[in-house]
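Asker:
Residue numbers (full-length UniProt numbering): 1 to 365.
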C-alpha cells in the first residue's frame with residue numbers, strides 16, 4: 001500500500017515531525033508500506049529525526065503573496081499526487097490551507113486528516129477587536145467544513161474531538177516510542193521542558209513561574225530545549241534568573257536529557273496531544289502542566305500520574321512545582337505512576353490501530 005503524507009516540514013524538532021518519523025518507520029518495518037512524504041519549503045535540508053531510508057521525500061517550494069502561495073500550493077499538490085499515485089493521502093497540517101484540500105483535489109483517492117493541535121490555536125495573542133473575532137468565527141467555520149469533507153478525521157483524544165463537528169472520526173493517540181530500561185532516581189536538581197519558542201507553547205509564562213520558584217530553590221536549574229530561544233535569554237536576564245536557567249538547542253538524544261532531570265514542566269496555552277509529555281512520562285518523570293486545551297488532561301490524571309494546574313494560575317503552578325521539588329518521595333511516586341500510565345500508548349499497540357484503519361479504508365473505498 002502506498003501512502004502519501006502531506007506535512008509543512010520535517011527539518012525541525014517539532015512533535016509532528018517526531019511522530020511522523022516514528023509511525024512511518026514502523027509502517028515500513030512491520031508491514032512493508034510504500035511511503036512518500038511531501039513537505040513545503042524544506043529544500044535540500046535533511047530531516048531532523050531519523051526516517052527509514054525507504055521513505056521518499058518530495059518538496060514544494062512556495063513563495064510570494066498569499067494568492068500566489070495558495071495557487072502554487074494547489075498546482076504543486078496536484079502535480080505531485082499525479083506522479084506519486086498514492087492509495088491514501090494523509091494530511092498532517094493544522095494550517096488553513098489543509099482544510100482547502102478536499103475542495104480542490106478532485107480525486108477518488110481517500111483523504112485522511114490527522115489533527116495535531118487545537119482548532120483554536122493561535123501563533124499570536126488573541127485580539128479583542130470585533131473585526132478580528134469575526135474573521136476568527138468564519139475561519140473556524142471553514143475549518144470545520146473542510147474537516148467534514150475528509151474521508152476520515154483522526155483525533156488524538158476525545159477532548160480534541162469535542163472541538164470539531166465531525167462524524168467521520170477515529171480516535172488514535174500519539175504513540176510512545178521510548179523504551180526505558182533503567183529507573184531514573186530523580187535526584188538531580190534539574191527541571192526540564194522541551195518546546196519551541198512560540199506563543200502557544202508558553203515559555204514566556206514558564207520564565208515568570210521560574211522567577212518565583214528560584215527564589216525559594218536557588219540550587220535547582222531549569223533546562224529548556226528548543227528553537228529560537230535567544231529572545232528568552234534576554235527575558236531571563238531582565239528577570240534576574242539567568243544563573244538558574246539553561247537554554248539549549250534541540251537534540252536528537254532527548255531521552256538522555258529526560259533521564260538526567262527530576263521534573264518536567266509544560267506551560268503551553270494550547271496543545272494537541274503533546275508528544276514531549278508522553279516522552280517525559282515514559283522516562284519516569286513527574287510532570288506539572290497547565291490544564292490547557294486540549295492535550296494535557298487527556299494524558300494526566302491530576303495527582304495520580306502528574307499534576308494539572310488550572311490554566312493561567314501562575315501562583316498555584318509555582319506552589320505545585322515547589323511541592324515536588326521539596327518532596328522526593330512524592331516525585332518518585334508520581335514518576336512511577338506516570339511511566340505505568342503511558343503503557344497504553346505503546347508504539348506496537350498504536351500502530352496496529354493505524355494499520356487496521358488503512359486496510360479498512362482501502363477495503364471500503
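Cβ atoms here follow ideal geometry from the backbone N, Cα and C, with glycine treated the same way. These numbers come from a predicted model, not from an experiment.
Excluding the 5 residues flanking residue 204 on each side, which residues of the same chain have their C-beta closer than 8 Å to its C-beta?
Answerer: One-based indexing of the chain shown puts residue 204 at position 204. Only 232, 235 meet the Cβ criterion.
Asker: Of all the beta strand (DSSP E) runs that stay within the bounds of the UniProt domain "Glycosyl transferase family 1" (185-340), which reach a length of 3 or more residues?
Answerer: 190-194, 221-225, 245-248, 263-266, 287-290, 307-309
Asker: Kindly list the residues whose CB is nearer than 7 Å to the CB of residue 51, restricted to its own chain and excluding five residues on each side of it in sequence; keep chain order.
Answerer: Sequence index remark: in the chain shown, residue 51 carries index 51 (1-based). So the qualifying residues of the chain are 21, 24, 25.
Asker: Where does the unbroken beta strand (DSSP E) through residue 60 begin, and where does it stop?
Answerer: Locating residue 60 in the chain shown gives position 60, where the first residue counts as 1. For residue 60, the enclosing beta strand (DSSP E) starts and ends at 56-60.
Asker: How many angstroms separate the CA atom of residue 74 from the CA atom of residue 97?
Answerer: Along the chain shown, one-based indexing puts residue 74 at 74. Along the chain shown, one-based indexing puts residue 97 at 97. Rounded to whole angstroms, residue 74 to residue 97 spans 9 Å at the Cα level.
Asker: With a cut-off of 8 Å, do at least 3 Cβ pairs link the region 203-219 to the region 260-267?
Answerer: yes
Asker: Taking all protein chains shown into account, decide if residue 162 is buried (16 or more other Cβ within 10 angstroms of its Cβ) or exposed.
Answerer: Counted from its first residue, the chain shown places residue 162 at position 162. Per the 10 Å Cβ criterion, exposed.
Asker: Specify the secondary structure class of residue 111 as computed by DSSP and reduced to three states.
Answerer: As a first step, residue 111 must be located in the chain shown, where it is residue number 111. Reduced to three states, the DSSP call for residue 111 is strand.
Asker: Please determine, among 115, 134, 222, 193, the residue with the shortest C-alpha to C-alpha distance to residue 170.
Answerer: Indexing the chain shown from 1 puts residue 170 at position 170. Selected option, being the one with the closest Cα: 115.
Asker: Report the CB separation of residue 40 from residue 8 in whole angstroms; it is logged as a contact under 8 Å.
Answerer: Translated into positions along the chain shown, residue 40 becomes position 40. Translated into positions along the chain shown, residue 8 becomes position 8. So it is a contact: roughly 5 Å between Cβ atoms.
Asker: Which residue marks the beginning of the alpha helix (DSSP H) containing residue 348, and which one marks its end?
Answerer: For the purposes of this step, residue 348 is identified with residue 348 of the chain shown, where counting begins at 1. Run containing residue 348: 347-364, per the alpha helix (DSSP H) assignment.
Asker: Identify, in the order they occur along the chain, each residue of the same chain with its Cβ nearer than 6 Å to the Cβ of residue 6, setting aside the five sequence neighbours on each side.
Answerer: Here the question's residue 6 lines up with position 6 in the chain shown. Answer for residue 6: 38, 91, listed in chain order.
Asker: Pop quiz: residue 143 and residue 99 are said to be a contact at Cβ under 8 Å. What is the actual Cβ separation, rounded to whole angstroms?
Answerer: Taking the chain shown and counting its residues from 1, the one referred to as residue 143 is at position 143. Taking the chain shown and counting its residues from 1, the one referred to as residue 99 is at position 99. With a Cβ gap of about 5 Å, residue 143 and residue 99 count as contacting.
Asker: So, does the region 332-339 touch the region 176-187, judging by three or more C-beta pairs under 8 Å?
Answerer: yes
Asker: Counting C-beta neighbours from all protein chains within 10 Å, is the total for residue 133 16 or more, i.e. buried, or is it exposed?
Answerer: Indexing the chain shown from 1 puts residue 133 at position 133. Classification of residue 133: exposed, given that the 10 Å Cβ count is below 16.
Asker: Report the partner residues of residue 4 according to the DSSP bridge assignment.
Answerer: For the purposes of this step, residue 4 is identified with residue 4 of the chain shown, where counting begins at 1. BP columns for residue 4 point to 36, 89.
Asker: I need the straight-line Cα distance from residue 331 to residue 215, nearest angstrom please.
Answerer: Your numbering for residue 331 matches position 331 in the chain shown. Your numbering for residue 215 matches position 215 in the chain shown. Each residue's alpha carbon lies about 21 Å from the other.
Asker: Where does residue 69 fall in DSSP's three states?
Answerer: In the chain shown, residue 69 corresponds to position 69, counting from 1. In this structure, residue 69 counts as helix in the three-state DSSP scheme.
Asker: Would you mind sorting residue 296 into buried or exposed? The rule is 16 or more other CB atoms within 10 Å of its CB.
Answerer: The count along the chain shown starts at 1 and reaches residue 296 at position 296. So residue 296 ends up on the buried side.
Asker: On a CA-only basis, which of 2, 48, 283, 343 is nearest residue 174? Give me that one, please.
Answerer: Walking along the chain shown from the start, residue 174 turns up at place 174. It is 343.
Asker: Taking one C-beta from the region 216-225 and one from the region 236-248 each time, how about it: are there three or more such pairs within less than 8 Å?
Answerer: yes
Asker: Which whole-angstrom value describes the C-beta separation of residue 149 and residue 102, a residue pair presumed to lie in contact below a C-beta threshold of 8 Å?
Answerer: Translated into positions along the chain shown, residue 149 becomes position 149. Translated into positions along the chain shown, residue 102 becomes position 102. Contact holds; Cβ gap of about 3 Å.
Asker: Which of helix, strand or coil does DSSP assign to residue 124?
Answerer: The residue given as residue 124 occupies position 124 in the chain shown. Note that residue 124 has pLDDT 46, beneath the 50 cutoff, so the model's placement of it is unreliable and the number below is only indicative. Three-state DSSP puts residue 124 in coil, outside helix and strand.
Asker: At 3 residues or longer, what runs of the beta strand (DSSP E) sit wholly inside the region 135-181?
Answerer: 152-155, 169-171
Asker: Helix or strand or just coil, what does DSSP make of residue 30?
Answerer: To locate residue 30, count along the chain shown from 1; it is residue 30. The answer is helix: DSSP assigns residue 30 an H, G or I state.
Asker: What does the Cβ neighbour count give for residue 259, buried or exposed, with the cut at 16 atoms within 10 Å?
Answerer: Here residue 259 refers to the residue found at position 259 when the chain shown is read from its first residue. Residue 259 is buried by the Cβ-count criterion.
Asker: Can you give the beta carbon distance from residue 289 to residue 300, rounded, assuming they're within the 8 Å contact cut?
Answerer: For the purposes of this step, residue 289 is taken as residue 289 along the chain shown, with counting starting at 1. For the purposes of this step, residue 300 is taken as residue 300 along the chain shown, with counting starting at 1. Right, the Cβ-Cβ distance comes to about 6 Å (below 8 Å), so this counts as a contact.
Asker: What does the Cβ neighbour count give for residue 320, buried or exposed, with the cut at 16 atoms within 10 Å?
Answerer: To locate residue 320, count along the chain shown from 1; it is residue 320. When all chains shown are included, residue 320 counts as buried.
Asker: Whose C-beta lies closer than 6 Å to the C-beta of residue 58 among residues of the same chain, with five residues either side of it excluded?
Answerer: Numbered from 1 along the chain shown, position 58 holds the residue referred to as residue 58. The answer, listed in chain order, is 38, 80.
Asker: Out of 156, 166, 313, 131, point me to the one whose CA is closest to residue 147's CA.
Answerer: Your numbering for residue 147 matches position 147 in the chain shown. The shortest Cα separation from residue 147 among 156, 166, 313, 131 belongs to 166.
Asker: Should residue 352 be labelled buried (16 or more other beta-carbon atoms within 10 Å of its own) or exposed?
Answerer: In the chain shown, counting from the first residue as 1, residue 352 sits at position 352. Residue 352 should be labelled exposed.
Asker: Have a look at 276, 27, 131, 304 and flag the residue whose alpha-carbon is nearest the alpha-carbon of residue 55.
Answerer: By 1-based counting over the chain shown, the position of residue 55 is 55. When only C-alpha atoms are compared, the closest one is 27.
Asker: When the Cα atoms are used, what is the spatial distance from residue 123 to residue 276?
Answerer: By one-based count along the chain shown, residue 123 stands at place 123. By one-based count along the chain shown, residue 276 stands at place 276. Because the pLDDT of residue 123 is 42, which lies under 50, any placement of that residue in the model is unreliable, and the question is left without a value.
Asker: Using only the alpha-carbon positions, how far apart do residue 262 and residue 156 sit?
Answerer: Numbered from 1 along the chain shown, position 262 holds the residue referred to as residue 262. Numbered from 1 along the chain shown, position 156 holds the residue referred to as residue 156. About 27 Å.
Asker: Roughly how many whole angstroms lie between the Cα atoms of residue 362 and residue 154?
Answerer: As a working mapping, residue 362 is identified with position 362 in the chain shown. As a working mapping, residue 154 is identified with position 154 in the chain shown. Looking at the two C-alpha atoms, the distance is approximately 16 Å.
Asker: Assuming contact is defined by CB atoms lying nearer than 8 Å, are residue 227 and residue 250 in contact in what I supplied?
Answerer: The count along the chain shown starts at 1 and reaches residue 227 at position 227. The count along the chain shown starts at 1 and reaches residue 250 at position 250. Against a cut-off of 8 Å, the Cβ pair of residue 250 and residue 227 comes out as a contact.
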